[in-house]
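In the working numbering, the protein residues as written are 14 to 334. Glycine included, each C-beta is placed from N, C-alpha and C at the ideal position. Every value quoted in this text rests on a predicted model; they were computed, and no experiment measured them.
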Ligand SMILES: Nc1ncnc2c1ncn2[C@@H]1O[C@H](COP(=O)(O)OP(=O)(O)O)[C@@H](O)[C@H]1O
Ligand SMILES: [Mg+2]
C-alpha cells in the first residue's frame, strides 16, 4: 500500500524538495514549487514527477499542480552624473562578474543617447524577437542576456526620442521575458532625465551603483545622480571610481594624473560605501572595443571586476538574498 510519505520519498531526489505529495484512494496529488525555474525546466520537472508517480503500484491517477511564489526580480541601477565615465563598461563587466558568481543576471541598456551594450557584448546588429508583444532578451556568449535601446531606436534618432517614448521603451525592456533572471542590471543614461523618471515611478530599483572618474567635475555631477536616488529612497549601494590612475601597459605601474583617492574621500564625505576602483588601462579599452568584456577572461582586469561583484553580491545577500 502506497503512502504519501513513500511517494514523497520517491519524488525527493527528482524534485529537490520542490514536491509535496498527498495520496488518497489511488490518486496522487502533487504540488510542485517551480519558483525561479525557467518555463522549459518547469515542464520537464513536471513530466519527470508525473512519470515517477504514475509508475508507483497502487497509483491510478496523478495530478500535478505547479505553484510559484513570484520572486521579485531586483533591479540594480548603474548610474553616473555625466557620460564617458565608463558606466557602460562597468555595468557590463559587473553583470558578467555576478553571473560568474552564479547569480542569474540580465542587462538592460537604457542609455538612449549612447547605447553601447550590443557592441560591448558582441551582439551588434542582432534585433530582439518578441512573443505575444513581450520582448525576448538577446542571449550573449557571456551568460548575461541583454536588451538595448540600441535595438529599439534607429541610429541617429535618439534626439527625437523624448519623454514618454523613452520611458515606455524602458518598461518594455524591464518587463521582457527574462526567464529565471533574479537580477537586472540597468545601464542608465547619464544625468537625471526621462528614463530615470520612468524607472523611479514604475520600476523602482533595489539599489544604485554610482560610477565616477577621479576628477572633481565628474564627482559634482555624480553627486546629482546620488541625490536623485536618495530623494526617492533608493539605497546607493556604493561608489565605483573608474579610470582611477593609469596602469602603464609596459610595467603595470599605476600613476595618478588626476590625483589619488578623490572618489573614496567623496564617498566618505557623503557617508556612502566605496566599492572600489578600476584603473584606466589600455587592455580594458581594447577588450571592450573588441566585444570581449575583460570580466569574462582570467586576467587581472577580470579580478578587478570580480572583487567589485563580490561586494555587490554581499550587499544583495544582506538586503534580501
Ligand atoms: N577603466 C577603463 N580603462 C580604459 N578605458 C576605459 C575604462 N573604462 C571605460 N573605458 C573606455 O572609455 C570609453 C567610455 O566608456 P563607457 O563605458 O562607454 O562610458 P559611459 O557609459 O559612461 O559613457 C570607452 O571607450 C571605454 O572602452
Ligand atoms: Mg554608456
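Rounded distance between the beta-carbons of residue j and residue i, thought under 8 Å
{"i": "residue 245", "j": "residue 213", "result": "5 Å"}
{"i": "residue 47", "j": "residue 58", "result": "7 Å"}
{"i": "residue 106", "j": "residue 318", "result": "4 Å"}
{"i": "residue 32", "j": "residue 43", "result": "6 Å"}
{"i": "residue 300", "j": "residue 292", "result": "Not really, about 14 Å apart at Cβ, beyond 8 Å."}
{"i": "residue 224", "j": "residue 103", "result": "5 Å"}
{"i": "residue 183", "j": "residue 153", "result": "The Cβ separation is near 20 Å, so there is no contact."}
For residue i, the first and last residue of its enclosing beta strand (DSSP E)
{"i": "residue 2", "result": "The shown model of the chain, from 14 to 334, leaves out residue 2, and the question about it has no answer."}
{"i": "residue 68", "result": "No beta strand (DSSP E) holds residue 68; DSSP gives it neither H nor E."}
{"i": "residue 341", "result": "It is not possible to answer for residue 341, since the shown part of the chain is limited to 14 through 334."}
{"i": "residue 279", "result": "Careful: residue 279 lies outside any beta strand (DSSP E), inside the alpha helix (DSSP H) at 275-282."}
Candidates the options, of which the one nearest residue i by Cα
{"i": "residue 197", "options": "159, 95, 206 and 21", "result": "159"}
{"i": "residue 254", "options": "38, 64, 97 and 20", "result": "97"}
{"i": "residue 178", "options": "125, 294 and 111", "result": "125"}
{"i": "residue 287", "options": "277, 56 and 296", "result": "277"}
{"i": "residue 114", "options": "323, 289, 207 and 165", "result": "323"}
{"i": "residue 282", "options": "232, 144 and 203", "result": "232"}
{"i": "residue 304", "options": "180, 165, 223 and 101", "result": "101"}
{"i": "residue 258", "options": "202, 269 and 251", "result": "269"}
{"i": "residue 315", "options": "39, 112, 55 and 62", "result": "112"}
{"i": "residue 137", "options": "75, 265, 147 and 164", "result": "164"}
{"i": "residue 61", "options": "27, 128, 82 and 50", "result": "27"}
Residue i, enclosing alpha helix (DSSP H) - first and last residue
{"i": "residue 23", "result": "17-28"}
{"i": "residue 211", "result": "207-215"}
{"i": "residue 193", "result": "From DSSP, residue 193 is part of no alpha helix (DSSP H); its letter is neither H nor E."}
{"i": "residue 109", "result": "100-113"}
9 Å Cβ cutoff met for residue i and residue j
{"i": "residue 66", "j": "residue 24", "result": "yes"}
{"i": "residue 53", "j": "residue 118", "result": "no"}
{"i": "residue 93", "j": "residue 131", "result": "no"}
{"i": "residue 294", "j": "residue 227", "result": "no"}
{"i": "residue 156", "j": "residue 109", "result": "yes"}
{"i": "residue 220", "j": "residue 203", "result": "no"}
{"i": "residue 200", "j": "residue 308", "result": "no"}
{"i": "residue 77", "j": "residue 86", "result": "no"}
{"i": "residue 91", "j": "residue 222", "result": "yes"}
{"i": "residue 189", "j": "residue 139", "result": "no"}
Residue-level contact to chain C via CB, residue i, 9 Å cutoff
{"i": "residue 313", "result": "Given the protein chain composition of this structure (a single chain), no chain C is represented."}
Any non-hydrogen atom of ligand 3 within 8 Å of residue i CB
{"i": "residue 316", "result": "Absent from the structure shown: ligand 3. Ligands present: ligand 1 and ligand 2."}
| Can you list, in chain order, every residue whose CB sits closer than 7 Å to a heavy atom of ligand 2? | Residues flagged by the Cβ proximity filter: 96, 100, 101, 124, 127, 129 and 200.
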